[in-house]
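Participant: Please see the structure below; I have some questions.
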Amino acid sequence: MSAVLFNTHDTTDGHQLIEVVLNAERALNALTLEMIELLSPALDAWAADERVCAVVLSGAGEKAFCAGGDVVSLYHRIKAGDREAPQRYFEAEYRLDYQLHQFPKPLICWADGIVMGGGMGLMNGCGVRVVTERSALSMPEVTIGLFPDVGGSWFLNRLPGRTGLFLALTGNPINPADALYLGLADRFIEHSRYGEMLAALKAANWSGLSANSVVSEIVRGLETVSEPMLNPHSPIRDHYDLIQAITDHDNVPEIVGALLATESNDNWIERAQTAVRQGSPLSIWIIERQLRICRQLSLRECFAAELNLAVQCGLHAEFPEGVRALLVDKDRKPEWSYRSVVEVDQACVDQFFEPLWPTNPMRELPMPPGVPV
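Per the UniProt record's numbering, the sequence shown runs over residues 1 to 373.
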């Protein structure tokens, strides 16, 4: 069975609506290299095909849109001695994410269920990001010795205040109300209305208004009737002032110290404290620096920086050890390189940011139309 399902729906006015389904339900639709290699040429073809009016991206099953990149397969390749595997996977993934960001037609992400890591990269590359009452988003890379990549260096830096930094350091969950508040989602639609959305898209008049206007009108209407299903409680909005206070420090140990010193019986804060206690101290330093140096960079520049850093992580012991402990052996007892953020050697952190190539492979990505080179 194909790793990605491509369903072509004829519209009533002679256009085509493309429905794309990540098809690895048992693996929570983790993004594999095979999926990437199927999606990328298809996107190019749809962009050039005048019959195609819009694309809907979803995941198979009831549990997840996409629970992240297929880091387990990458782990096994690394352990087998394939030193080219990190660049091969991460470069393909980031090129796909950038391709989604540049897609010239309406691209709707149906982010129902779990959306983590690589799934967040897919979602944030889409022009219309829909969450449902079952959506659960996060960027939990600190738990596996990595950092929030897939464009996270760009979109996390654009969240209100320092919420992006806090979420990157802790991997704390983002519910539908959070996603809407942060600007990580555009619409809320009840999960049971997916078929209704497809039917409306197929029945629409794509020859009149602009394609973006057609999609906006449909999803806006579905959001209105879905409103009673949205739980308005947003932990991130509720904790905004506390997040600002915790992250308003001059270095990583002070930020971590402020979080751990916070006295609270709030499960959301306690989860964040547990994450920084159990996550990789080296990753915490890397995450803070990566977000800081990418703050003013373009999307293309962020992807170039992420590729260098991700491949460096793939060549270091921290990332495979984190994947082993959490996803392979599942003993949840990683042997991190350092026991605490205070002990982390800054020379080690510096090494992760050393350029691997004379010219970064992502520098050849095309600039968006109208942007000077």
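For every residue, glycine included, the Cβ atom is placed at its ideal position computed from N, Cα and C.
Would residue 67 and residue 116 qualify as a contact pair, given that the criterion is a beta-carbon distance under 7 Å?
Facilitator: Yes. Within cutoff.
Participant: Assuming residue 317 and residue 340 are in contact, meaning their beta carbons sit under 8 Å apart, how far apart are those beta carbons, in whole angstroms?
Facilitator: Incorrect: roughly 18 Å between the Cβ atoms, too far for contact.
Participant: Assess, as a yes-or-no matter, whether the stretch 305-320 is touched by the stretch 76-89 under the definition of 3 or more beta carbon pairs within less than 8 Å.
Facilitator: They touch, by the three-pair rule.
Participant: Return the bridge partner residues of residue 116 from the DSSP annotation.
Facilitator: DSSP lists 138 as partners of residue 116.
Participant: If you draw a straight line from the alpha carbon of residue 106 to that of residue 260, how long is it in whole angstroms?
Facilitator: Distance between the alpha carbons of residue 106 and residue 260 is about 43 Å.
Participant: Could you tell me the alpha carbon to alpha carbon distance between residue 372 and residue 328, rounded to whole angstroms?
Facilitator: Below a pLDDT of 50, predicted positions are generally treated as unreliable, and residue 372, at 44, falls in that range; no measurement from the model is reported.
Participant: Using the Cα positions of residue 331 and residue 284, report the straight-line distance between them to the nearest angstrom.
Facilitator: The alpha-carbon atoms of residue 331 and residue 284 are separated by roughly 21 Å.
Participant: Rounded to a whole number of angstroms, what is the C-alpha to C-alpha distance between residue 303 and residue 354?
Facilitator: About 15 Å.
Participant: Tell me which same chain residues have a C-beta within less than 8 Å of the C-beta of residue 171, skipping the five on either side of it?
Facilitator: Only 138, 139, 140, 141, 142, 143, 275, 279 meet the Cβ criterion.
Participant: What ranges does the beta strand (DSSP E) occupy inside the stretch 250-313, keeping only unbroken runs of at least 3 residues that lie completely in it?
Facilitator: Counting only runs of 3 or more, we get nothing.
Participant: Measuring CA to CA, which of 183, 207, 321, 325 is closest to residue 380?
Facilitator: What the structure shows of the chain is the stretch from 1 to 373, and residue 380 is not part of that stretch, so it cannot be assessed.
Participant: Less than 7 Å between the C-beta atoms of residue 352 and residue 286, yes or no?
Facilitator: Against a cut-off of 7 Å, the Cβ pair of residue 286 and residue 352 comes out as a contact.
Participant: Under three-state DSSP, which class holds residue 323?
Facilitator: Of the three classes helix, strand and coil, the one that applies to residue 323 here is helix, per DSSP.
Participant: Out of curiosity, what's the CA-to-CA distance linking residue 199 and residue 32?
Facilitator: Each residue's alpha carbon lies about 30 Å from the other.
Participant: Please tell me whether residue 133 and residue 197 are closer than 7 Å, where the distance is taken between their beta carbons.
Facilitator: No. Outside cutoff.
Participant: Between residue 82 and the ligand MN, is the CB less than 6 Å from at least one heavy atom?
Facilitator: Looking at this structure, you won't find the ligand MN or any other ligand, since it has none at all.
Participant: Measure from the alpha carbon of residue 366 to the alpha carbon of each residue in 65, 101, 37, 70, then state which is nearest.
Facilitator: That would be 101, whose Cα lies nearest to the Cα of residue 366.
Participant: When you compare only the Cα positions, how much space is there between residue 190 and residue 226?
Facilitator: Whole-angstrom Cα-Cα distance: 5 Å.
Participant: What's the call for residue 118, buried or exposed, on a 16-neighbour Cβ count within 10 Å?
Facilitator: Counting Cβ neighbours within 10 Å, residue 118 comes out buried, since at least 16 surround it.
Participant: Measuring alpha carbon to alpha carbon, tell me which residue in 255, 146, 1, 97 is nearest residue 127.
Facilitator: If we check each option's Cα against that of residue 127, 97 comes out closest.
Participant: Can you list, in chain order, the residues of its chain whose CB lies under 6 Å from that of residue 164, leaving out five sequence neighbours each side?
Facilitator: Contacts found: 156, 157.
Participant: DSSP three-state label for residue 53, please.
Facilitator: The answer is strand: DSSP assigns residue 53 an E or B state.
Participant: What did DSSP end up calling residue 331 once you bin it into helix, strand or coil?
Facilitator: Here residue 331 sits in coil by DSSP.
Participant: Closest by CA to residue 253, which one among 238, 342, 270?
Facilitator: Taking only the C-alpha atoms, the option nearest residue 253 is 342.
Participant: Under a Cβ-count criterion, where at least 16 other Cβ atoms within 10 Å of its own Cβ denotes burial, should residue 324 be classed as buried or exposed?
Facilitator: Classification of residue 324: buried, given that the 10 Å Cβ count is 16 or more.
Participant: Would you report the Cα separation of residue 333 and residue 307, rounded to the nearest angstrom?
Facilitator: The alpha-carbon atoms of residue 333 and residue 307 are separated by roughly 27 Å.
Participant: For residue 126, report the span of its alpha helix (DSSP H) as first-last.
Facilitator: Element bounds for residue 126: n/a, residue is neither H nor E.
Participant: Given residue 5, which residues of its chain have a CB within under 6 Å of its CB, disregarding the five upstream and five downstream residues?
Facilitator: The answer, listed in chain order, is 21, 23.
Participant: Relative to the alpha-carbon of residue 2, which residue among 70, 35, 194, 251 has its alpha-carbon at the smallest distance?
Facilitator: Nearest of 70, 35, 194, 251 to residue 2, Cα basis: 35.
Participant: Compute the beta-carbon to beta-carbon distance between residue 181 and residue 264, rounded to the nearest angstrom, for a pair I have assumed lies under 8 Å.
Facilitator: Not really, about 21 Å apart at Cβ, beyond 8 Å.
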